[in-house]
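There are 2 protein chains.
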Amino acid sequence: MKVSHEVSALRQRFPDLVFEAGCPSRVLLDHVMSKWSPLVLLALAEGGTLRWSELRRRAEGVSEKMLAQTLRTLVDDGLVAREAHPVVPPHVDYALTPLGRELTDLLSPLMVWAFDHAGAILGVEPPPARRD
Amino acid sequence: MKVSHEVSALRQRFPDLVFEAGCPSRVLLDHVMSKWSPLVLLALAEGGTLRWSELRRRAEGVSEKMLAQTLRTLVDDGLVAREAHPVVPPHVDYALTPLGRELTDLLSPLMVWAFDHAGAILGVEPPPARRD
DNA sequence: CAGGATCCCCTAGGATACTG
DNA sequence: CAGTATCCTAGGGGATCCTG
Numbered sequence: 001m002k003v004s005h006e007v008s009a010l011r012q013r014f015p016d017l018v019f020e021a022g023c024p025s026r027v028l029l030d031h032v033m034s035k036w037s038p039l040v041l042l043a044l045a046e047g048g049t050l051r052w053s054e055l056r057r058r059a060e061g062v063s064e065k066m067l068a069q070t071l072r073t074l075v076d077d078g079l080v081a082r083e084a085h086p087v088v089p090p091h092v093d094y095a096l097t098p099l100g101r102e103l104t105d106l107l108s109p110l111m112v113w114a115f116d117h118a119g120a121i122l123g124v125e126p127p128p129a130r131r132d
Numbered sequence: 001m002k003v004s005h006e007v008s009a010l011r012q013r014f015p016d017l018v019f020e021a022g023c024p025s026r027v028l029l030d031h032v033m034s035k036w037s038p039l040v041l042l043a044l045a046e047g048g049t050l051r052w053s054e055l056r057r058r059a060e061g062v063s064e065k066m067l068a069q070t071l072r073t074l075v076d077d078g079l080v081a082r083e084a085h086p087v088v089p090p091h092v093d094y095a096l097t098p099l100g101r102e103l104t105d106l107l108s109p110l111m112v113w114a115f116d117h118a119g120a121i122l123g124v125e126p127p128p129a130r131r132d
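Chains as they are written, first to last, in UniProt numbering: chain C, 1 to 132; chain R, 1 to 132.
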C-alpha cells in the first residue's frame, strides 16, 4: 500500500517523524492546519493574486482579526507573499509563493476529498426522498 | 497550474466549495485537521492495527483525554475501526477503514512535506536522526 | 481599504484521579 | 489495559472600535 511506503521511507530517514513531541513539523502543521489557513491558501490557489477584501469575502466567516493573524503567519512562514502598494486608499495584494503553491498542491486534494465525503460521513446528506 | 484546475473544477460543480460558511466539509476538515488526528491517522497508516497504548506511545505527547476524544470522532466519522476484545485485561484494536486509508493517502504527502520544510521555514534545525 | 488594538468569552486541551 | 470523570487554564477566536 502506498501510504505505508511513504511513511516508512520517512521513518527510515528520521525515526521519529512528526510523531516526536519536539518535532518542528508539528508547529508547521499547526500553522497550516489551523482553522483558516486552508481556506486562505486555497482561495489564493484558485484566485491567484487577491486583495484583503477579496480574501475576506472568499473565506466566508473569517473575522478581520483571524484573517490578519492567519495571513501574518502565512507570510512569516514564506507561504504567502504580501505586496503593499503605497496608494490612497491602501491596496495590498496577497499571492502564493512557490513554496505556498507546493503546499496547496497537497492541500487541494484533501479539501476536495473532504468536500466529497463530508455529507456522507457527517450524516447530513440531503434526504433523497420525503414521505409525509 | 495543477491546483487551480482541481479547485476550479470543484467550483464548477459546487460554486461555494469549502469557502461557504455552512459547508459540511468545514466540519470534516476541522475533525481531520484537529491537533491530534493527523498523528493518530498516520500512526495507523504506518503501523496497521494498533492498540490504545501503542497509539499513546506513537503520538508522543497526547494526553489520554485527547487520544480518547480524537479516536472517538475518528471512529464516529468512519475513518477508524475500533475492535474491542472482551478479555481481561482489556484489549482494543484500532485500524484504518478503507475511507480512513483514502484520507491518509492524501494526508501523508502533506506531513512529509511539512517534515521536510519545517526546519527551513521555521528557522529551526530538524531533530537529528537517531541511531539506536 | 487594510489593518491594529482591546475586551472578552469559550473551549480545546493539559493534569490528575478513579474504574471495569 | 483502556478508558471515564473532573478540574482548570492558556489562548483561539469573535465583536467592536480606532487609524493611516
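By construction, the Cβ of each residue, glycine as well, lies at the ideal position given by its N, Cα and C atoms.
Closer than 8 Å to chain C by CB, residue i
{"i": "R/Met66", "result": "no"}
{"i": "R/Ala118", "result": "yes"}
{"i": "residue 138 of chain R", "result": "Summary: the structure shown does not reach residue 138 of chain R, with chain R confined to residues 1 through 132, and so no result is reported for it."}
{"i": "R/Leu74", "result": "no"}
{"i": "R/Val40", "result": "no"}
{"i": "R/Leu106", "result": "yes"}
{"i": "R/Ala81", "result": "no"}
Interface flag, residue i vs chain R, CB-CB below 8 Å
{"i": "C/Arg56", "result": "no"}
{"i": "C/Ala129", "result": "Bear in mind that a pLDDT of 42 at C/Ala129, under 50, signals an unreliable position, so the model cannot answer this."}
{"i": "C/Ala21", "result": "yes"}
{"i": "C/Pro89", "result": "no"}
Whether residue i touches residue j by CB criterion (8 Å)
{"i": "C/Val80", "j": "C/Ala59", "result": "no"}
{"i": "residue 139 of chain R", "j": "R/Ala84", "result": "Examination of residue 139 of chain R is not possible in this model, given that chain R is present from 1 through 132 alone."}
{"i": "C/Ala45", "j": "C/Thr104", "result": "yes"}
{"i": "C/Pro99", "j": "C/Gly123", "result": "The displayed chain sequence assigns Leu, not Pro, to residue 99 of chain C. For C/Leu99 and C/Gly123, no; Cβs fall outside 8 Å."}
{"i": "C/Pro86", "j": "R/Leu106", "result": "no"}
{"i": "R/Trp52", "j": "C/Glu102", "result": "no"}
{"i": "R/His117", "j": "R/Thr73", "result": "no"}
Cβ-based neighbour list, residue i, same chain, cut-off 8 Å, excluding 5 preceding and 5 following
{"i": "R/Val18", "result": "Ser25, Arg26, Leu29"}
{"i": "R/Met111", "result": "Pro38, Leu42"}
{"i": "C/Gly47", "result": "Glu54, Arg58"}
{"i": "residue 134 of chain C", "result": "It is not possible to answer for residue 134 of chain C, since the shown part of chain C is limited to 1 through 132."}
Own chain partners of residue i with C-beta closer than 7 Å, once the 5 adjacent residues on each side are dropped
{"i": "R/Pro89", "result": "none"}
Beta-bridge pairing of residue i - partner residues as DSSP gives them
{"i": "R/Val92", "result": "R/Ala84"}
{"i": "C/Leu50", "result": "C/Tyr94"}
Cut-off 6 Å between Cβ atoms - residues of its own chain near residue i, not counting five sequence neighbours on either side
{"i": "R/Ser37", "result": "Thr70"}
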